[in-house]
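Residue numbers (my numbering): 4 to 488. We treat Cβ as the ideally placed atom computed from N, Cα and C, and that holds for glycine.
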Ligand code: NAD
């Protein structure tokens, strides 16, 4: 297995090789060590914030059309290094090379959206009273921060970094300590693209850094993506320190499958959604609710599921703990009376015996009260519940604490519309298993899948990363003065 140089923090335009406590980075593909990363403390965060503050005046005063030029160059570098970047994602996260390429391609699209910002962030102007003009413009917030999860080491940082920087902020990124290599490379490529020192900084570490980010008086806004448990901690702590915060959490995405759904399309979509990225997507199909007689679709899903082969078109999960957690959920459901139609437990991939694999798993006759129906399993597992009619199915979906995505599979426009109106989720799919809204539309769930007002990508991110300045002007002394001027 390829190994990588020790990860370093990136502060003020320099990679900093401090003798900090380190942690090993292991590839989930075969469990081997591939690198080390520093476990930084508050003092490294303080240095990064100071560097970002020093960079902010010049960066924020640079016209947006100039700032964006750096990201046009950066986009070219992402494309030039596509193979290498995908390889890093594959090695550190364990997803397949195909999925890793798709992740890098998505980062290119996200960068392209950031490059379009000059066309989107126009201010407004109006004569509000005779001779009196009111104009608005968007200003950056200052030093901002982002905390990312393990499941998309390349793409998720691109949800925030290009937009926040193009809009004139300076940022500190804390990548997941399980997958720090993509962010390290991102810092190198942004430097090569010409980003001024201090505009982007990477501080590696774990919980201590995130807590310090929540508390730091000079960090104006914090975006977080990760589990709901941690999203709640971070949202509470950051907002109690009077910071702007958006914290995206976990998910339990429901798919409502009606008897008239197209059999082949539904089966292949559902299986691709539940098993893609080994089920470690916050948009993965996790709970399917069959409305009426759908046994023919389930039979086809099992057939499709058998084509998903660990180590070939199914990557690993992130850790040994993850394998144990996923297998425990399956065992508990089975003991509670559910029927395992396709069982991914005990998977060993020849040649990668030290890797962390769970095969595709389809479990029928799950009831809404079982833990596997309620909690986020985050593996290639789908549970099937049964409902007599659409309202019963919607009740099951609405009963979830989460609300990232929900999808309906049907050929009836009316039924699709009914589900779209009544599902309690931020992102709805109609005959789509992974309904990610692509740019310029924004990404964000409801309920306990997101805390805070704005979405994290697309046009909504402009609201999050900027504040509006309103200027009222009068140059004409002859203009009549009234109560408005
Ligand atoms: P996680 O919550 O364990 O970790 C996320 C980040 O928080 C990491 O950088 C980690 O270092 C930090 N962290 C962990 N514990 C902390 C604590 N107690 N206090 C402060 N910071 C802490 O999440 P993960 O396991 O890396 O990622 C998987 C989770 O992320 C899943 O729940 C998945 O659904 C979710 N996710 C959600 C979205 C979304 O858009 N809603 C997108 C991707 C992933």
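- The continuous stretches of alpha helix (DSSP H) do not include residue 203, which lies in the beta strand (DSSP E) extending over residues 203-205.
- The nearest non-hydrogen atom of ligand 1 is 8 Å or more from the C-beta of residue 464.
- Residue pairing of residue 470 in beta bridges, as defined by DSSP: 142.
- By the criterion of a C-beta distance shorter than 6 Å, residue 150 is surrounded in its chain by 177, 213 and 227, once the five residues flanking it on both sides are discounted.
- In the three-state reduction of the DSSP assignment, residue 378 falls in the coil class, being assigned neither a helical nor a strand state.
- Judged by pairs of C-beta atoms under 8 Å, the stretch 252-262 does not touch the stretch 345-365, as fewer than three such pairs exist.
- Residue 47 sits in a helix when the DSSP states are folded into three classes.
- Linking residue 391 to residue 262 through their CA atoms gives a straight-line distance of about 11 Å.
- In this structure, residue 333 has its beta carbon at no less than 8 Å from each heavy atom of ligand 1.
- When the beta-carbon positions are compared, residue 303 and residue 270 come within less than 9 Å of each other.
- Cα atoms of residue 334 and residue 418: separation of roughly 35 Å, rounded to the nearest angstrom.
- Ranked by how close their Cα comes to the Cα of residue 441, the residues 113, 134, 244 and 55 have 113 in first place.
- Residue state for residue 293 is assigned as strand, using DSSP reduced to three classes.
- Under DSSP, the beta-bridge partners assigned to residue 18 are 13.
- The beta carbon of residue 27 is closer than 7 Å to those of 36 and 39 in its chain, skipping five residues each way along the sequence.
- When secondary structure is reduced to three states using DSSP, residue 265 falls in the coil class, being assigned neither helix nor strand.
- For the 9 Å CB-CB criterion, residue 207 and residue 319 do not form a contact.
- Counting only runs that start and end inside the stretch 170-237, the beta strand (DSSP E) elements of at least 3 residues fall at 173-177, 203-205 and 224-228.
- Shown here, residue 476 sits in a strand according to DSSP, grouped into three states.
- Shown here, residue 457 sits in coil according to DSSP, grouped into three states, outside any helix or strand.
- Within the same chain, and ignoring the five residues on either side of residue 19 in sequence, the residues whose Cβ sits closer than 7 Å to its Cβ are 11 and 12.
- As the crow flies, the alpha-carbon of residue 148 is around 6 Å from that of residue 224.
- In summary, residue 307 is buried, with 16 or more beta-carbon neighbours lying within 10 Å of its beta-carbon over all protein chains present.
- Set against 8 Å, the gap from the CB of residue 92 to the closest heavy atom of ligand 1 is not smaller.
- When DSSP assignments are scanned along the stretch 366-451, the uninterrupted stretches of alpha helix (DSSP H) that are 4 or more residues long and fall wholly within it turn out to be 374-377, 393-401 and 416-425.
- Within the chosen limit of 8 Å, ligand 1 reaches the beta carbon of residue 283 through at least one heavy atom.
- Under the Cβ criterion (8 Å, minimum of three pairs), the stretch 45-52 does not count as touching the stretch 69-76.
- Leaving aside the five residues that flank residue 402 on each side, the residues in its chain whose CB is nearer than 8 Å to its CB run, in chain order, 371.
- The Cβ atoms of residue 400 and residue 332 do not sit closer than 9 Å to each other.
- The beta-carbon distance between residue 361 and residue 326, rounded to whole angstroms, is 6 Å. This is short enough to meet the 8 Å contact definition.
- When DSSP states are grouped into helix, strand and coil, residue 24 belongs to the coil group.
- Under the criterion of beta carbons closer than 8 Å, residue 436 and residue 272 qualify as touching, at roughly 4 Å.
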